[in-house]
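See structure below.
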Amino acid sequence: MTAATTTTAPATTAISVSGLVKTFGATRALDGLDLHVATGEVHGFLGPNGAGKSTTLRILLGLLRADTGTARLLGADPWDDAVALHQRLAYVPGDVELWPNLTGGEAIDLLARLRGGIDAARRAELVERFDLDPTKKGRTYSKGNRQKVALIAALASDAELLLLDEPTAGLDPLMEVVFQDVVLRAKNEGRTVLLSSHILSQVEKLCDRVSIVRLGRVVQSGTLGEMRHLTRTTIEAEIDPARYAEGDATPASGLAGLPGVHDLRTEGARVHFSVDGAHLEAAVRHLGGLGVRSLVSHPPTLEELMLRHYGDELAATGHGTGTGTGRTTAPDAARMDVSSDAAPNAFRTDSSPDAAASDAGTEGGSR
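Terminal number for the sequence shown in the numbering used here: 353, no gaps in between.
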């Protein structure tokens, strides 16, 4: 496990959480969690089941009260000012259950009235873009169409803050493109988005900053550029054979002694290695002296940044390696499960089995 990245609160914050602690019996769901989301940004909130994301969301929604620590949402207290805050925010869970006898359109309008109103023109546009038939009863909808109802209700509102927890679960790739477009439009309108998603490519495309959660703490937070600078870049290069002598010298002879260079491999005039962000410039400068014919640089993906913190857990379950390279051999690791651990669901009428650990302790701390 790596040390947490030091972060400070943005100048203008929509969400400010400091030192949040929440326990359920012997389980410490949040262990001093800090989270700062700037006004007008799309912020990715990542971590596997049980990391503490949904406990954090429940506290932000005023459904749970923290043991210690502070939380401010749009400048107000999410517990004491829950009613007023719910007029200013919209929430979309990852498993929507609708009123079975209401049509999709009626459900959208009901949710809008609970929030204080809706933009009729925007509602009509989103219904068309998401290809939803609003005249059908909720009980007839597929999972994807239920998600569309919740998304339209949230995005057609004038909510200042959007809390999105696996919002595209069940949507097809075409609707995923529509979702990304409307979220970016919401950002351009000055709205703030906190996005929890297991689709890491989605997070990379949409998010200005990302926070990675582990064991109830944010272990890394920042822009992708900042986070990539703190980890390794993979370099593949082809060297001019005439620039080094055969026999006692190879393209790797000088690279091997450079600080920050790892996993060095050579194949004829080709070299392959990873290098720490702080030493990237020196490694590239050294390659330049060898007469580079071609060079390909691969900055770490968000998946690799995640595996930097969770590779040991994958190794323990036989799904990958826990080495410091942040790599995995598991085919399914490309879509690492960083879905919500037990998100509160304003649309559900039943209790999620995944929420058992949280629900066990809510009687004394929830509304």
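From the three backbone atoms N, C-alpha and C, an ideal C-beta is built for every residue, glycine too.
These figures come from a predicted structure and were not determined experimentally.
Specify the secondary structure class of residue i as computed by DSSP and reduced to three states.
i, result
"K122", "coil"
"L60", "coil"
"L84", "coil"
"G26", "coil"
"R14", "strand"
"L50", "strand"
"T9", "strand"
"H272", "helix"
"T89", "strand"
"L244", "coil"
Tell me which residues share the same chain as residue i and place their Cβ nearer than 6 angstroms to its Cβ, disregarding the 5 neighbours each side in the sequence.
i, result
"T220", "S260, H284"
"G176", "G26"
"G243", "none"
"P227", "A255"
"E222", "H258, V282"
"I45", "A52, A57"
"P245", "H265"
"L97", "A139"
"F165", "T154"
Quick one: what's residue i bridged to in DSSP?
i, result
"L75", "L147"
"R256", "E224, E253"
"T(-2)", "According to DSSP, which records beta bridges pairwise, T(-2) is partnered with nothing at all."
"Q206", "I198"
"L280", "First, the residue type needs correcting, since residue 280 is Ser and not Leu in the sequence shown. According to DSSP, which records beta bridges pairwise, S280 is partnered with E224."
"L21", "V3"
"S178", "Checking the displayed sequence, the identity of residue 178 turns out to be Thr instead of Ser. In DSSP, T178 forms a bridge with L147."
"R218", "D262"
"L32", "I198"
Please list, in chain order, all residues of the same chain as residue i whose beta carbon is under 8 angstroms from its beta carbon, the five residues on each side excluded.
i, result
"M161", "F116, D117, G130, K134, T154"
"I225", "P237, A255, R256, V257, L273, L276, G277, V278, R279"
"Q73", "R101, G102"
"A24", "P(-4), A(-3), T(-2), T(-1), A0, T178, D194, R195"
"L241", "V247, L250, V257, F259, A269, H272, L273"
"P159", "none"
Since residue i and residue j should fall inside the 8 angstroms C-beta cutoff, what is the C-beta to C-beta distance between them, to a whole number of angstroms?
i, j, result
"P64", "L47", "7 angstroms"
"T178", "A0", "4 angstroms"
"S417", "L21", "With the chain covering -13 to 353 only, the question about residue 417 has no answer from this structure."
"P86", "G124", "5 angstroms"
"L149", "L43", "6 angstroms"
"R195", "D262", "Actually they do not touch by this definition, with Cβ atoms about 22 angstroms apart."
"G91", "T121", "7 angstroms"
"L32", "V199", "7 angstroms"
"E152", "S128", "About 16 angstroms; that fails the 8 angstroms criterion."
"T41", "A68", "Incorrect: roughly 16 angstroms between the Cβ atoms, too far for contact."
Excluding the 5 residues flanking residue i on each side, which residues of the same chain have their C-beta closer than 7 angstroms to its C-beta?
i, result
"R203", "A(-10), D17, G18, L19"
"R109", "I94, I138, A142"
"E267", "none"
| Contact the stretch 47 to 57 vs the stretch 6 to 20: 3+ CB pairs below 8 angstroms | Yes, they touch.
| field | Inter-stretch contact (C-beta, 8 angstroms, three-pair minimum) for the stretch 179 to 189 and the stretch 111 to 129 | value | The stretch 179 to 189 makes no contact with the stretch 111 to 129; the number of CB pairs closer than 8 angstroms stays below 3.
| Is it true that the stretch 249 to 258 meets the stretch 201 to 214, where meeting means three or more beta-carbon pairs spaced less than 8 angstroms apart? | No: the two stretches stay apart, fewer than three of their Cβ pairs being nearer than 8 angstroms.
| field | Cβ contact check for the stretch 139 to 150 and the stretch 75 to 95: 3 or more pairs under 8 angstroms | value | They touch, by the three-pair rule.
| said: Three or more C-beta pairs under 8 angstroms: does that hold for the stretch 25 to 32 against the stretch 164 to 184? | reply: The stretch 25 to 32 is in contact with the stretch 164 to 184.
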